[in-house]
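The structure appears below as structure tokens.
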Amino acid sequence: MLQQVFLPVLFSRTLINKLYRSPFAFTRQGFPFYRAAAFYLNPLLSSLDLNSIPLQLLPSRIMAENRFIVVYAKLGTSSCKKCKTKIEKAALRIGKVVPNPFSDDGGDMKQWYHPSCIFETFLRARPTTKIIEEAEDLDGFQDLQQDDKDAVNDLIKDFFNNPQNKRKRSGTSSTGSSSSSSNVTASKTSSTPKKEEKKKPSADVKESKPPPPSPSSNSAESESKEGKKGGNKDDAFRCFRQLCAKIADENTYLGKTQLVSDMLKKGSSGDVFCGDTYLWLKLLLPGVVKLVYNLNSKQLVKLFSQIFGENHEEMVKDLEQGDVAETIRMFFENNSKLLPQKKSTISLQEVDQLLTDLSKVTKEDDQQRYLTKITKRCTGNDLKMVIRLIKHDLRINAGAKHILDGLDPNAYAAFQASRSLQDVVDRVLQNRRENKLGLEKKLSVRASLMTPVLPMLAEPCRSVEMAMRKCPGGFYAEIKYDGERVQVHKNGSEFRYFSRSLKPVQPHKVSHFKDFIPKAFPGGNNLILDAEVLLVDNATSTPLPFGTLGIHKKAAFKDANVCLFVFDCLHLNNENLMEFSIKKRRKILEDNMVEIKNRIMFSKTQFITDPTDLQSLMTKVFREGLEGLVLKHIKSIYEPGKRHWLKVKKDYLEQGSMADSADLVVLGAYYGTGNKGGLMSVFLTGVYNPFTKKWCTVSKVGNGFDDKTLDRLQKELKMVKISKDVQKVPSWLNIKKSVIPDFIVEDPHQAPVWEITGAEFSKAEIHTADGISIRFPRLTKIRTDKSWKEATDLPRLKELYKSSKEVSDFPNLVTPKVSPADDSSKENDFKGDAEQSSDEHKNSQSSPQKTPVKRKIPMKEEQESPGQSSKSKARKIDEMFQKSRSDNEGGDKKSSTSKEKKPMCKYGSGCYQKNPQHLAAFDHSTSSSGAASTSVSDPLPNVFRNMKIYLPKNMESYKKLKRFIIAFDGEILPDHDISNATHLVIVKDLNESDVSSASPSAVCITSEWLWKCIKKKQCVPTQKYVFTA
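Count along the sequence shown from 1, then add 4; that gives the number in our numbering.
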């Protein structure tokens, strides 16, 4: 013991260096004392805390990194250390970098070998001697020619397959690499046998005794045991990074899936995968199996600026490029306070454990401590990938389907249903074992109680014809309630509620349902329901507007309850119902559920087989101010995550012409993220308030831009960078703190005007335009013809909001059944519309165009008192579905009685004829039903039949003209098909250059010809309307 204490004192640093580098050299010179000293010195150095010793005092053997180098011989003067023959010039050679025993300043020297010779020396090497285990152990390997790379890889593979070789690949064991918390790593450089290292496990990584090798390497148990120790090469974090890089570089989704499949079957060696399958998939899907770290990009930059000792402002400035992981990597590799590791030795298990620990802390000091702990174990690229795991985005352009398909073809569907990755992996591995025994078994799709199921979704329905084409055998039409979708799980007396995004629902919205669900489902011990939760008026059972479920807004409605509208049942009493059709599921739901008024209720449903019934229902729903309809094919099963239902909303119909829109002024912009990092890609729009003389915010718009438009806007928009600083907000802008952008326009009076379209006008308290905003906004047109004076101002926006909540025009979306009746009765009405459209077109050329107002259709309900309006609305919804249901049930009776009725006279009660035979043959009543039947039977004229017309999209009245041309049997051609047009509409100073693209047989005419044809209801000659430059 005294020798161990006094040895560092007795020997000078130079002598210790010599002893520790080559103790045997001294014994050959006849100094046995030095050999004895080295015997005591070796265990002493391995037990020292190297972090407490100044770097300049460490022996150079510890400071140097024992490594290998591969290059081509330069002169042909070097000799092989083993066979003693010369290595020819330009021949491949491998050098072992060792400490120079003749240098006092810690220099190195290279011992050269033929590639085959050095691997022969490894066969006789001691178990503790460092050898070449993989190509990455060779410096300069990437500079070799491909043939030489393959030759080296073959030598490595042959070495480990050689029967005389008793050594196995050491992999990336955490035991030998995590004992140091600085860049000087004792386990890498110390020549102490690994047995001694294992006696003192690291404080950061828990050691576990490696289990005996299992005969079933693919079993779940062997994988989990092997994964815990992290000593398998397939569990190296470096391999994970390499796979992510390959997936990101692969362009095809099938190719990405194949890369994952190859890794999970063959491993990094190409033989068999021996890693932890669950852990690999968990980290490949950080956005699916998600941990919450409470760290945004700016917080990460702040913490790492303190860890690296770097300038915080410089890191924030670099963050504007949009990739926080790349920013941190760059500053990590260039900092001088905490140097990165030279080689990646960290395992997936270590990364997962460190990230799990990080997710459990919220204080900044604790977060910094864990991030420092992670950083000390990482190379620059390791840390970059760790940050991307924290941000839940690996940037590999691959979703859960592409990753899970690499595990099993049905793994994605099974995961969508159960949302339990561990369950899916265990079942896949179990099936593989059974398949090896000759039992073919397919992975089943099933839901798990108390685990959210990915909800089935709906795609937009653009027309009645699309609905009938997608659902030819009939479908259920359900009201699309404007509430919040909720998935209810009940297991005995335990309840859980999940949102559309699979997150727990806030308790104040659903906590009271535990008292009513058992009463509504008296026989349901365990179940999964798909439903919508919203606030309803107790007196009328009418749903209240979107957003009223908020805890503060709900307090404003005293006589209202939170109600659950149930529309599907996925699981009932241990039986999976997802494989049943919607018809059978609906029947089971109705048999097992009892409605509790204003608490647990059925969603309104109607079975539809005729397009006119759908047209009628759509009209009524939209006139009642409801959001829309959801259409479900009668034979459809419940497919989690699939968009096999249809949803009908105003902004989907008539190519979006029925959507709410406003002309807003661009007020500011925000930096984008991802591939739009460093660009202004989200824009703040607003309106002018003439009373306060200030500008108010309305909406943040990030959709509707292509790449060319975004690039152009970076140059055209005159912005001032304020970086969301409240102190730099100009006085002319009325804005709330949470909406302050990165950039503000220099002068709003010179800012562009954009037409912004969305699903509907809504209330959003974060905006200052009287709380009015637009749901799902998108840019539809840049209004170069308007300045801020012609744009929508605050009073006009209030009118638009009010009118959008009232009754609006709803066009006939189904092609009417043409009857041989004369259509002259509607000629005057139609001519009036055409003349009005023509007048509007003329006026729009002489005066600035204003935002269109939706016409209000007079209805009987409007004459009711305000107190009766909600009751009337609820009553009409019920009557609407009851009438439609009774019409479907009694269709035969209805058709038989209609034959007995007399045909309606086209002049109605105002008929001028006195002929008794005419009066007896036709009905002259003034009922609304008669008028409706007349309108349906009126055919439209075929004015533009066999004409292919090209309209410039940015011309005035484009939408209106397009509707007339299509209604009159014409065809509108897109821009790329202009050469096939028979008629080109040319507008002066707008698209005169299109004349050169036209076919020689095409006629270039002005829009006046279209309006004349529409007004006359017949095709007029084009001579007077031919365009002349």
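No residue lacks a Cβ here, since even glycine has one placed at the ideal position from N, Cα and C. Bear in mind that the values here come from a model prediction, so they are computed numbers and not experimental data.
query: 8 Å Cβ cutoff met for Gly-682 and Glu-317; result: no
query: Classification of Lys-1020 by the beta-carbon crowding that lies within 10 angstroms, buried from 16 upward; result: exposed
query: Burial state of Asn-919 (16 or more Cβ within 10 Å); result: exposed
query: Leu-633 beta carbon less than 8 Å from that of Val-652; result: yes
query: Where Phe-525 sits in the DSSP three-state scheme; result: coil
query: Ranges of the alpha helix (DSSP H) found wholly within the region 611-656, counting only runs of at least 4; result: 615-627
query: Neighbourhood of Ser-4 by C-beta, 6 Å cutoff - its chain only, sequence neighbours within 5 removed; result: The first residue shown for the chain is 5 and the last is 1033, placing residue 4 beyond what the model contains.
query: Delimiting residues of the beta strand (DSSP E) encompassing Trp-699; result: 698-705
query: Neighbourhood of Phe-312 by C-beta, 8 Å cutoff - its chain only, sequence neighbours within 5 removed; result: Phe-335, Phe-336, Asn-339, Lys-341, Leu-342
query: Residues bridged to Asn-401 (per DSSP); result: Answer is none; Asn-401 lacks a bridge partner.
query: Bridge partner(s) assigned by DSSP for Trp-1013; result: Paired residues: none, contrary to the question.
query: Local conformation of Cys-1008 per DSSP, three classes; result: strand
query: Where Phe-244 sits in the DSSP three-state scheme; result: helix
query: DSSP beta-bridge partners of Leu-783; result: Ile-760
query: Val-432 vs Asp-412 beta-carbon contact at 8 Å; result: yes
query: Cα-Cα separation, Phe-126 to Phe-277; result: 26 Å
query: Under 8 Å between C-beta atoms of Ile-136 and Ile-160; result: yes
query: Residue range of the unbroken beta strand (DSSP E) whose run includes Val-74; result: 71-76
query: Residues that DSSP places opposite Pro-500 in a beta bridge; result: For the sequence presented, residue 500 should be read as Arg rather than Pro. DSSP, once it has assigned bridges, lists His-493 as partnering Arg-500.
query: Simplified DSSP state of Arg-437, which is helix, strand or coil; result: helix
query: Alpha-carbon spacing of Ile-20 relative to Pro-105, whole angstroms; result: Its pLDDT being 45, under 50, Ile-20 is placed unreliably by the model, and nothing is read from it.
query: Cross-strand partners of Trp-284 (DSSP beta bridge); result: None; Trp-284 has no bridge partner.
query: Cβ neighbours of Arg-787 in the same chain (closer than 7 Å, five flanking residues each side left out); result: Asp-667, Val-757, Trp-758, Glu-759
query: Sufficient close CB pairs (3 or more, under 8 Å) joining the region 417-431 to the region 605-614; result: no
query: Beta-carbon contacts of Leu-299 that lie in its chain and below 7 Å, excluding the five residues immediately before and after; result: Gln-371, Ile-394
query: Pro-789 burial status per 10 Å Cβ neighbour count (16 or more: buried); result: The sequence shown places Asp at residue 789, not Pro. Answer is exposed; the Cβ neighbour count stays below 16.
query: Contact between the region 697-713 and the region 772-782 (3+ Cβ pairs under 8 Å); result: yes
query: Cβ contact (3+ pairs, closer than 8 Å) linking the region 241-259 and the region 395-404; result: yes
query: Start and end residues, alpha helix (DSSP H) containing Lys-269; result: 257-270
query: Gln-149 - DSSP class collapsed to helix/strand/coil; result: coil
query: Cut-off 7 Å between Cβ atoms - residues of its own chain near Leu-955, not counting five sequence neighbours on either side; result: Tyr-962, Leu-965, Lys-966, Ile-976, Val-989
query: Secondary structure of Lys-1021, DSSP reduced to three states; result: coil
query: Whether Ala-418 touches Val-449 by CB criterion (8 Å); result: yes
query: Length of the line joining the Cα atoms of Phe-571 and Pro-945; result: 43 Å
query: For Tyr-954, three-class secondary structure by DSSP; result: strand
query: Secondary structure of Pro-103, DSSP reduced to three states; result: strand
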